[in-house]
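Residue numbers (the numbering used here): 25 to 227.
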Amino acid sequence: MLSFNTLKKGVETMSRLEEQLTEILLEKTPYLQPVFDTADQYLSHYYIGAGIVAQSVWNVKHGYDPAYGIGDADVIYFDPEGSLEEEQQLEKELRKELSRYPFQIDVTNEALVHQWYEERFHIPIQPYPSIEAAVDTWPSTASAVAVQRKHPGTLKVYAPFGLEDLFGLIVRPNKCLVPEEVYVKKAAKWKKYWPKLTLLPWE
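Listed below in structure tokens is the structure:
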């Protein structure tokens, strides 16, 4: 059993890293605020996650331009009553309004992922019960991070595996859903852009 001091240290570390992440995303990266401002017009409850979050941290750690290597910003929400057509229309609208930025907007209704996941990845899945449950399955511990803007200048961070790997430039597989070949392909791609990353093997 973990001691109280160990647990306290872990909480303090997480809090400190959350503060650093907020500073990077809201002050050192000029792109997240416009995505929040635009998505707020369409969605009341959503997260921005994956690529733009993790890669913004890696850019700071490498001393790179904020836009370097960022191909997309994932806007995720949860609406069991929604449709894939509505999801696609929302994605179209956000891409149009944010077309001046150097990345693509990807929109996912996590309540509907089970409808297409097997066709794309050859693995059947049950419907996700929440946005957070979907983030829990993302391919690496470092990229399984999503943020909400609660108030101006503050973010709610959801990071089921913590933030130590993200800030430590460690790419570790999350084996709960994504197949090995998907993780290996993504990790190799990231390494080309951010050479200081340490890639941990699947096994």
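C-beta atoms are modelled at their ideal positions from N, C-alpha and C, and glycine is treated no differently.
At a Cβ-Cβ threshold of 9 angstroms, GLY177 and LEU50 count as neighbours. Per the DSSP secondary-structure output, GLY73 pairs in a beta bridge with ASP98 and ALA170. With distances taken between CA atoms, TYR70 lies nearest to VAL159 out of GLU227, VAL159 and LYS210.
In the same chain as LEU224, and ignoring 5 residues on each side of it, the C-beta atoms closer than 7 angstroms to its own belong to ILE194, VAL195, ARG196 and PRO197, in chain order.
Sequence-distant partners of ILE76 (beyond 5 residues in either direction) whose C-beta falls short of 6 angstroms from its own C-beta, in its chain, are ILE94 and ALA97.
Shown here for TRP226: same chain residues with a beta carbon closer than 8 angstroms to its own, the five before and five after excluded, namely PRO197, LYS199, GLU204, TYR207 and VAL208 in chain order. Scanning TYR66, LEU179 and VAL169 for the CA closest to the CA of GLU188 turns up VAL169. The Cβ-Cβ distance between ILE100 and THR62 does not fall below 9 angstroms. In this structure, DSSP gives GLN128 an extended state, which the three-state scheme calls strand.
For ILE194, the secondary structure class from DSSP, reduced to helix, strand or coil, is strand.
The segment 213-221 and the segment 74-92 touch, with three or more beta-carbon pairs separated by less than 8 angstroms. SER164 carries a strand assignment under DSSP once its states are collapsed to helix, strand and coil. In this structure, LEU136 and VAL59 do not form a Cβ contact; the two beta carbons are roughly 21 angstroms apart against a cut-off of 8 angstroms.
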